[in-house]
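What follows is one structure encoded as structure tokens, with my remarks underneath.
Numbering (the working numbering), first residue to last: 7 to 151.
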């Protein structure tokens, strides 16, 4: 059985390592969107050069990923909805159960909408995004039938 490579951690989510019987260094970068590692060969024998290439790769990935303005995040719109539902409850327009169910479906730790959509740009949410959410739910929650 092969031994797992010992990684040199450069930053959180960024490390380099060498595979057994290989002279080349590999870089491993955590992709926040896909929630998995991106692994690439640096093509370098030297750890110093591999570290520099790893940092360049990580920076290029971060620059390619444009941060979403706070006002357009799903999280921001969800907070507005929750606040409006509380106001409607106090004015008697909505029932307490409606507000409770809404809070539960948005903020549930296991499968709530904020867990999946929270940092996404609402202008980019499409039917495919919803289908990805449903597929994620199906993976997380086993079939009870």
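For each residue, glycine too, the CB sits at the ideal point set by N, CA and C.
- Collapsing the DSSP output to three states places residue 72 in coil.
- CA-CA distance, residue 116 to residue 143, rounds to 9 Å.
- Within the DSSP bridge table, the entry for residue 32 names 23, 47 as partners.
- Within the same chain, Cβ atoms closer than 8 Å to the Cβ of residue 43 are found at 34, 35, 36, 37, the five residues on either side in sequence being excluded.
- Per the coordinates, the alpha-carbon of residue 129 lies some 19 Å from the alpha-carbon of residue 40.
- Between residue 108 and residue 91, the CB-CB gap stays under 7 Å.
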